[in-house]
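S.K.: So the number in our numbering is just where the residue sits in the sequence shown, counting from 1, plus 94. Cβ coordinates follow ideal geometry from the N, Cα and C atoms, glycine included.
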Amino acid sequence: MKITKIALLFAGIFGCSLIMAQDIKLPAPKKDGGENILKTLDIRKSDRSFKDGDISMQELSTILWAGFGYNQKGTRTAPTAMNTQDIDLYVFLENGIYKYDAKENTLNLIKKGDYRASTDRENGFAAKVTNIAIVSDLSKYERVKNHHTMNVFGAMSAAYVSQNMYLAVDGMNNDLGTVTRYGAHQEKQVKEILGLKDLEVVFLFQTIGYKK
Ligand SMILES: Cc1cc2nc3c(=O)[nH]c(=O)nc-3n(C[C@H](O)[C@H](O)[C@H](O)COP(=O)(O)O)c2cc1C
């Protein structure tokens, strides 16, 4: 009995360290270089034709930071209603799904495996490239006490984050392309995969890859 307990304890400790070891420490986001913001607005567009493969960790780090990181003012790179900071970013890579921890600049493993196709319709173009689910936790708006307004606020937050990611992608590297996609058709499935609560809504997917 005693030996079983000790074995279980070791298995627990070992198991935890394995899970933690699979989190990814991102390189620091690259905040210089690229086109200036006005030139980037002049070239921003949606792309839907990509080579197979995820983007680099350096690019991902910069795009996530641009989307909803912390800036030098101590605020987020995108605004949120009443400074609710309701957005969570989930990154779908070939080897697993990760949640972005902006403070630690880390990707925390949610699920191992390739779930990128689940973000798109069957045979969609997003299946073999990086996808970021932009999720609003509407429970953070509960004091608003009006479901329509909560949804509007969440959708607006998601849209700002998405536009920031467009600008990061189109401004930093000519080889990279991106498109924002409305998550409604896949939301139920993706919610299950991510283990989201009712009020955590997947508003958009940001699909990012190397252009063909
Ligand atoms: C809320 C929203 C939802 C969108 N959903 C999709 C989508 O599901 N699939 C897609 O390919 N593009 C989607 N787009 C991208 C638009 O089709 C695209 O922005 C539009 O055609 C204009 O092209 P541009 O971004 O190159 O200017 C969406 C854009 C927005 C703002």
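1. For F219, which of helix, strand or coil comes out of DSSP?
2. With ligand 1 as the reference, list in chain order each residue whose Cβ lies under 6 Å from any of its heavy atoms.
3. For D231, which residues of its own chain have a beta-carbon under 6 Å away from its beta-carbon, when the five flanking residues on both sides are left out?
4. Give me the DSSP bridge partner(s) of D231.
5. Leaving out five residues before and five after M95 in sequence, what residues of the same chain have Cβ atoms less than 7 Å from its Cβ?
6. To the nearest angstrom, report how far apart T301 and Q257 are at their CA atoms.
7. For V255, tell me which candidate among D136, T171, S143 has the shortest Cα-Cα distance.
8. Looking at I157 and M259, is the spacing between their C-beta atoms short of 9 Å?
9. On the DSSP bridge list, what partners appear for F186?
10. Since L270 is in the beta strand (DSSP E), which residue starts that stretch and which ends it?
11. Rounded to the nearest angstrom, what separates D264 and N165 at their Cα positions?
12. Should I137 and V185 be called a contact, given that it needs their Cβ atoms to be closer than 9 Å?
13. When burial is assigned at 16 or more other CB atoms within 10 Å of the CB, is T243 buried or exposed?
14. Is it right to say M176 is buried, meaning 16 or more other beta carbons lie within 10 angstroms of its own, or is it exposed?
15. Might you give, ordered along the chain, the residues of its own chain that have their beta carbon closer than 6 Å to the beta carbon of I309, omitting 5 neighbours on each side?
16. Give the single residue among P173, S233, D292 whose Cα lies nearest to the Cα of S251.
17. Starting from N245, follow the alpha helix (DSSP H) in both directions and report where the run begins and ends.
18. With DSSP as the reference, label T178 as helix, strand or coil.
19. Between Q280 and T213, which are expected to be in contact by the criterion C-beta below 8 Å, what is the C-beta distance as a whole number of angstroms?
20. DSSP three-state label for K307, please.
M.R.: Straight from the coordinates:
1. coil
2. K139, S140, R142, V273, T274, R275, Y276
3. D180, E294
4. E294
5. Low per-residue confidence applies at M95: pLDDT is 45, beneath 50, and the placement is therefore not dependable, though the value from the model is reported in the following sentence. There are no such residues.
6. 12 Å
7. T171
8. yes
9. I191, N225
10. 270 to 276
11. 20 Å
12. no
13. exposed
14. exposed
15. Examination of residue 309 is not possible in this model, given that the chain is present from 95 through 306 alone.
16. P173
17. 241 to 266
18. coil
19. 6 Å
20. Here the chain comprises residues numbered 95 to 306, so residue 307 is not present and cannot be evaluated.
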